[in-house]
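I have placed the structure first, in the form of structure tokens, so that the comments after it can refer back to it.
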Amino acid sequence: MKKWNLLANKIAEDAKNWPDENPVLYRLLASRGLSAEQIKNFLELNYREQSHDPFLFKDMRAAVDLINSRLAVGDKITVYGDYDADGVTATAVMFRILNFLIDKNKNTAKIDIYIPHRETEGYGMNREAVQEIADNGTKLIITVDTGIRSVKEIALAREKGVDVILTDHHEPGEQIPDCLIINPKVKNSAYPFRDLAGVGVAFKLTQALLQSYREKEKISGKEKEVFEKWLLDLVAIGTVADLVPLIDENRILVNYGLVVLNKTKSVGIQKLITAAQSAVDKNGNKKEIDAWQIGYQLAPRLNAAGRLGRANTAYELLITQDEQEAADIAKELNKTNKKRQDITQEIFAQADSALAAGEANGPIVFAVWPGLFDHKETPSFEEGAWGGGNNFDSNQAQLTEETKNKANTNLNALWPAGVMGLVAGKLTEKYYRPSLAITEKDAGAGKKVVGSARSIPEFNVTAALEECAKFLKNFGGHKQAAGFT
């Protein structure tokens, strides 16, 4: 369901200064609330002039100094990533910059990568993983696209003598972790643009590290520029994949990233483009890769790895320099993506059929395991907040008649946790209602629930989850999309 928001006809005061050649475009942008200066920046992109200084992040200088000090003594650093396309591209960016700096230092520092498993670990950082990382000798963890709500897990790392630099772009909770934080959404952030993707934040740390080496004359200005430029294909893919607004700095990064993507030196990305047939039209003629190809062809294949298996597969594709390995992984991701499409459509069809038989007047809870609501209490939705609530433990609560009137509920058999967000998104798009898709998974000796939520502009789903945080192991996300365990 599409909803039109009709705005008042407010045109900028300086309309008389608009150029004569395209008044319709200027009127359109002005009607969307852009000032004359914003319109100029929107249409006349300049990478150097319009990219924001990475050191505007309060903790950036301290983060750069900490990384450089750990590299200087040869310590082990672990990059803790996330399992979606934004997370794996951010992980690849961080891996490449750290290894570039190690090469410049000519020392023995070691870089490890950890990407959690969506089904067995769920949203956010995992306590057992942090323990294992610490036990394996890591002295510094750098998170990318994750961590802002992992207060306890980061506290554990600090207790084990491991420093943490947190880079993330998700909404913080009331309490933030005790570590260096690079996130444009934290309270009182001085960074002028808050809507960077996770890979965008990782890229800002990369820019700062390169700048620090330039200041110390460890690299030339040309080296800095060239290395930074050839990361922009990854940045563009992750930014488009995460559906962040393509305005301000995101628009700059994607615009220049598409230029790099069409000339990419990455063997893995080249093979992915070939496998997805993104660089040819229906007649077999060569064409330019644009944001559409990223969003509908490349990103879904990278995401498929983490949805139905381990996201490490997608990450390995992005960093390999072996052509045969890259071709094999790209082929595998093609198959995984087709399987993901089939499963998603099957689940959505069942949910849609059940909802069509009733009336979607309230939020949609699509729970995909038997017996979920054979107990006492479920979430209610009132005035944009999630009242009541539970931890969705299948051994504890019961769906009441009152709640049935508030939440459209559909139950079915077990399905992969990795497609829950896609199903929730399809339900929200069709019915214009907040939707939660939830599944139960084995967790060692017990059970746990993994869910995804998608919402509409009028309902902040992450704030809703905050209302029942005491019942959740982990959760977080954005106003219109979230995950929880």
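Residue numbering for the sequence shown is 177 to 661, as defined by this note's numbering. Heads up, the beta-carbon is just placed ideally off N, CA and C, and yes, glycines get one too. Please read all numbers here as calculations on a predicted model, not as lab measurements.
Worksheet entry | Nearest candidate by alpha-carbon position, reference T615, set S628, A285, Y607 and A417 | S628
Point to revise | Of the listed residues Q521, P421, A373 and L603, nearest to T265 (C-alpha basis) | key: A373
Could you tell me the boundaries of the alpha helix (DSSP H) in which A206 lies? P199 to S207
Check: If you compare alpha carbons, which of F369, Q446 and S396 is closest to D424?
Finding: F369
TODO: Find the nearest neighbour of N359 within the set N431, S631 and F233, judged by alpha-carbon distance.
DONE: F233
TODO: Out of H346, T314 and D260, state which residue places its alpha-carbon closest to the alpha-carbon of G653.
DONE: H346
Near G565, what residues of its chain come up, given a Cβ to Cβ distance below 7 Å and the 5 sequence neighbours on each side ignored?
-> With a pLDDT of only 33 at G565, under 50, the local geometry of the prediction cannot be trusted, and the value read off the model is given with reservation. Excluding sequence neighbours, G565 sits near P555, E643, C644 and F647.
(request) List the whole-angstrom C-beta distance separating I449 from L478, where the pair is believed to meet the contact cut-off of C-beta under 8 Å. (result) In fact, because the Cβ distance is near 12 Å, the residues do not count as touching under 8 Å.
Go through its chain and collect everything with a Cβ distance to L277's Cβ below 6 Å, but skip five positions before and after it. L247
| Looking only at its own chain, which residues have a Cβ that is under 7 Å from the Cβ of A384, when we skip the five neighbours before and after it? | P230, F231, M236 and V240
Less than 8 Å between C-beta atoms, sequence neighbours within five positions excluded: which residues of the same chain meet that for L603? F524, A527, D528, L531, I540, F542, R609, S611, A613 and R630
Subject >> Same chain, Cβ closer than 8 Å to Y290, neighbours up to 5 away in sequence not counted >> reply: T254, V255, Y256, G257, A305 and I309
Residue nearest to V595 in terms of C-alpha spacing, selected from K624, I632, L493 and P476:
P476
Going by Cα to Cα distance, which pick from K380, H293, I318 and E297 is closest to S227?
K380
Hey, would you say A378 sits closer than 8 Å to T343, going by beta carbons?
yes
Using the three-state DSSP reduction, which class does T520 fall into: helix, strand or coil?
helix
- prompt: Should S388 be labelled buried (16 or more other beta-carbon atoms within 10 Å of its own) or exposed?
  reply: buried
### Message
Tell me whether the region 388-398 and the region 409-427 touch, counting them as touching only if at least three CB pairs, one residue from each stretch, are closer than 8 Å.
### Response
no
Where the beta strand (DSSP E) through V249 begins and ends: Counting along the chain, V249 falls outside any beta strand (DSSP E), and DSSP gives it neither H nor E.
- Mapping DSSP to helix, strand and coil, what is D339? strand
By Cβ distance, which residues of its chain are closer than 8 Å to K655, with the 5 residues on each side in sequence left out?
E347, S631, P633, N636, V637, T638 and A639
ask   = Under three-state DSSP, which class holds V420?
value = coil
- request: Indicate the three-state DSSP secondary structure (helix, strand or coil) for T382 in the structure shown.
  value: helix
Notebook entry, point to check: Can you give the Cα-Cα distance for S326 and A333, rounded to whole angstroms?
Noted result: 11 Å
With distance defined between alpha-carbon atoms, name the residue in N222, K280 and T319 nearest to G263.
T319
How about A451 and K514: do their beta carbons lie closer than 8 Å?
no
Exercise for review: Using only alpha-carbon positions, find the residue among G471, T382, N461 and K458 that is nearest to N244.
Suggested key: T382
* To do: Enumerate in chain order the residues of its own chain whose CB-to-CB distance from N426 is below 6 Å, with the five nearest sequence positions on each side excluded.
  => T415 and V420
Beta-carbon proximity list for K462, same chain, < 8 Å, skipping 5 on both sides
A455 and V456
Cβ neighbours of V430 in the same chain (closer than 7 Å, five flanking residues each side left out)
A412, T415, V416, L422 and A467
Self-check item: Minimum C-alpha distance to L356 - residue among L316, G460 and R272
Solution: L316
- Item | Residues of its chain near G313, where Cβ-Cβ distance is below 6 Å and the 5 sequence neighbours each way are ignored | K252
*My guess is that T512 and L484 are in contact by the Cβ rule of under 8 Å, so how many angstroms apart are they, rounded?*
6 Å
message: How far does the beta strand (DSSP E) with G659 in it extend, from its first residue to its last?
response: A657 to F660
Checklist entry - So, helix, strand or coil for I231, using DSSP? => result Residue identity check: residue 231 is Phe in the sequence provided, not Ile. In this structure, F231 counts as helix in the three-state DSSP scheme.
Beta-carbon gap between Y432 and Y259 smaller than 8 Å: no
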